[in-house]
Amino acid sequence: MEIPLPEQQHRRSNVSMTHDAPADHVEQNRRFWDDEAAAWHGPLARDHWAQVEPSWGLWSTPESQVSLLPDGIDGMRTIELGCGTAYVSAWLARAGAHPVAIDLSEKQLATARAMQAEFGLDFPLVLGNAEKVPYEDNTFGLAISEYGASLWCDPYQWIPEAARLLVPGGRLVFSRYSPLFALCVPPEGPASTTLSRSQFGLTRLDWGNHVEFVLPHGEMVRLLRSCNFVIEDLIEIQAPPSARDYLEVNAHWAQQWPSEEIWKARLAS
10 MEIPLPEQQH RRSNVSMTHD APADHVEQNR RFWDDEAAAW HGPLARDHWA QVEPSWGLWS
70 TPESQVSLLP DGIDGMRTIE LGCGTAYVSA WLARAGAHPV AIDLSEKQLA TARAMQAEFG
130 LDFPLVLGNA EKVPYEDNTF GLAISEYGAS LWCDPYQWIP EAARLLVPGG RLVFSRYSPL
190 FALCVPPEGP ASTTLSRSQF GLTRLDWGNH VEFVLPHGEM VRLLRSCNFV IEDLIEIQAP
250 PSARDYLEVN AHWAQQWPSE EIWKARLAS
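As C-alpha cells, then:
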C-alpha cells in the first residue's frame with residue numbers, strides 16, 4: 010500500500026475501534042485497493058520511481074533528514090510489507106539491496122511491474138498478505154513499510170511476522186499516522202483541534218469501505234518489545250512551511266502537531 014492522497018474520498022461513517030475486532034480487514038482492504046484506491050496511486054508511481062533521493066510520508070520528508078534506511082544496505086535482503094507500486098523497493102534496489110515486495114492488490118502490483126519494465130529494475134513482486142508472508146524465518150536484514158502494513162494490517166499480526174522474517178539484528182522501519190491524528194480526525198473532514206474519540210481501546214479504525222490500524226504509543230512499545238525488538242528511534246514529523254493540504258489533514262495542523270511518525274527498531278540478537 011501507499012500513503013493516502015487528497016483524492017481519496019474516505020467514507021468515515023460508523024467509525025469503531027476495538028482490540029478484538031473480526032479479521033475481515035484483509036479482504037475488505039483488498040477490494041478497496043483493487044476497486045478504488047489503485048486508480049488514484051497508479052498515475053503517481055512514475056514520479057515516485059524516478060526520485061533520486063527517497064522522501065517519506067505525507068510531507069515528503071527527505072531521507073537526509075530522517076535517515077530511515079540503515080547503514081550497510083548494499084547487498085542486504087529486504088522485504089517491503091504492503092508495497093503498493095513498490096517504489097520503496099525500487100529505491101532500495103538502487104542502493105544495492107536485494108528487495109522483495111509484497112502487496113495484496115493485483116492492480117497495484119500490475120503498476121509496479123510496468124514501472125520495473127520502464128526503469129529497468131527487477132525484483133520479486135509477491136501477491137499476498139503482509140500478515141502471512143511466504144518466506145522462511147530469518148530471511149531478511151530489513152523489513153520496511155511506508156503506510157503499507159504499518160497502516161492497513163493488524164499490528165498484532167504483521168509486527169510478529171516481521172520479527173519472524175528478520176535475521177537477528179535485522180531492522181524494522183515503518184511510517185504511519187500518529188495516534189494524535191487518529192484521535193483528532195472526525196468521521197468527515199480533516200483533523201481538527203478537538204478529540205473525536207477515546208485513546209483507550211484505539212486500535213482498529215473502520216471507515217466503512219476499508220480498515221486502518223493505529224496503536225497508541227504505549228501499546229506499540231509493548232508490542233515491539235514483546236516481539237524482541239529494541240526501539241532505536243521514534244520521529245514525529247512536522248510538516249514543512251511549503252506543505253500542501255490533504256483531505257485528512259491540512260498543513261497548518263501538521264505544522265503544530267504530528268500527523269505522522271517514523272519508527273525504527275532492531276531485532277535483538
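According to our numbering, the sequence shown is numbered sequentially starting from 10. C-beta atoms are modelled at their ideal positions from N, C-alpha and C, and glycine is treated no differently.
| DSSP puts lysine 273 in a beta bridge; with which residues? | By 1-based counting over the sequence shown, the position of residue 273 is 264. In DSSP, lysine 273 forms a bridge with Val182 and Asp242.
| request: Could you give the DSSP three-state label for threonine 197: helix, strand or coil? | output: One-based indexing of the sequence shown puts residue 197 at position 188. It should be noted that the sequence gives glutamate, not threonine, for residue 197. Coil at glutamate 197, not helix or strand.
| said: Going by DSSP, what residue range makes up the beta strand (DSSP E) through valine 109? | reply: Locating residue 109 in the sequence shown gives position 100, counting from the first residue. It spans 107-112 - the beta strand (DSSP E) in which valine 109 sits, taken as one unbroken run.
| request: Measure the beta-carbon distance from alanine 158 to phenylalanine 132 and round it to whole angstroms, keeping in mind my assumption that it falls under 8 Å. | output: Taking the sequence shown and counting its residues from 1, one reaches residue 158 at position 149. Taking the sequence shown and counting its residues from 1, one reaches residue 132 at position 123. Wrong, their Cβ atoms sit about 18 Å apart, outside the cutoff.
| Can you give the beta carbon distance from tyrosine 165 to leucine 214, rounded, assuming they're within the 8 Å contact cut? | Numbered from its first residue, the sequence shown carries residue 165 at position 156. Numbered from its first residue, the sequence shown carries residue 214 at position 205. Rounded, the Cβ-Cβ distance is 15 Å, inconsistent with contact.
| Cβ neighbours of aspartate 242 in the same chain (closer than 6 Å, five flanking residues each side left out) | Here residue 242 refers to the residue found at position 233 when the sequence shown is read from its first residue. If we look at aspartate 242 and ignore the five residues flanking it on each side, its Cβ neighbours are Lys273.
| field | Identity of the residues DSSP links to valine 142 by a beta bridge | value | Taking the first residue of the sequence shown as position 1, residue 142 is located at position 133. Note: valine 142 sits in no beta bridge, so no partner.
| request: Determine which residues share a DSSP beta bridge with leucine 90 and list them. | output: For this step, residue 90 is matched to residue 81 along the sequence shown. Note: leucine 90 sits in a beta bridge opposite Ile111.
| field | Euclidean distance between Cα positions of isoleucine 88 and glycine 198 | value | The residue you call residue 88 lines up with position 79 of the sequence shown. The residue you call residue 198 lines up with position 189 of the sequence shown. Near 34 Å, if we compare the C-alpha coordinates of glycine 198 and isoleucine 88.
| My guess is that leucine 276 and alanine 139 are in contact by the Cβ rule of under 8 Å, so how many angstroms apart are they, rounded? | The residue you call residue 276 lines up with position 267 of the sequence shown. The residue you call residue 139 lines up with position 130 of the sequence shown. Contact between leucine 276 and alanine 139 is ruled out by a C-beta separation of about 17 Å, above the 8 Å threshold.
| said: Distance cutoff 8 Å, beta carbons only. Does glycine 157 sit that close to anything in chain B? | reply: Of the protein chains in the structure, only one exists, and it is not chain B.
| request: Could you round the C-beta distance between glycine 105 and glycine 150 to whole angstroms and report it? I think they count as a contact, below 8 Å. | output: By 1-based counting over the sequence shown, the position of residue 105 is 96. By 1-based counting over the sequence shown, the position of residue 150 is 141. Incorrect: roughly 12 Å between the Cβ atoms, too far for contact.
| How big is the Cα-Cα spacing for glutamate 16 and tryptophan 49? | For the purposes of this step, residue 16 is taken as the residue at position 7 of the sequence shown. For the purposes of this step, residue 49 is taken as the residue at position 40 of the sequence shown. In this prediction, glutamate 16 scores a pLDDT of 32, lower than 50, which makes its location untrustworthy; the coordinate-derived value is nonetheless stated afterwards. Using only the alpha carbons, I get a separation of about 7 Å.
| How is the alpha helix (DSSP H) around alanine 260 delimited, first residue to last? | As a position in the sequence shown, residue 260 is number 251, starting the count at 1. Run containing alanine 260: 260-265, per the alpha helix (DSSP H) assignment.
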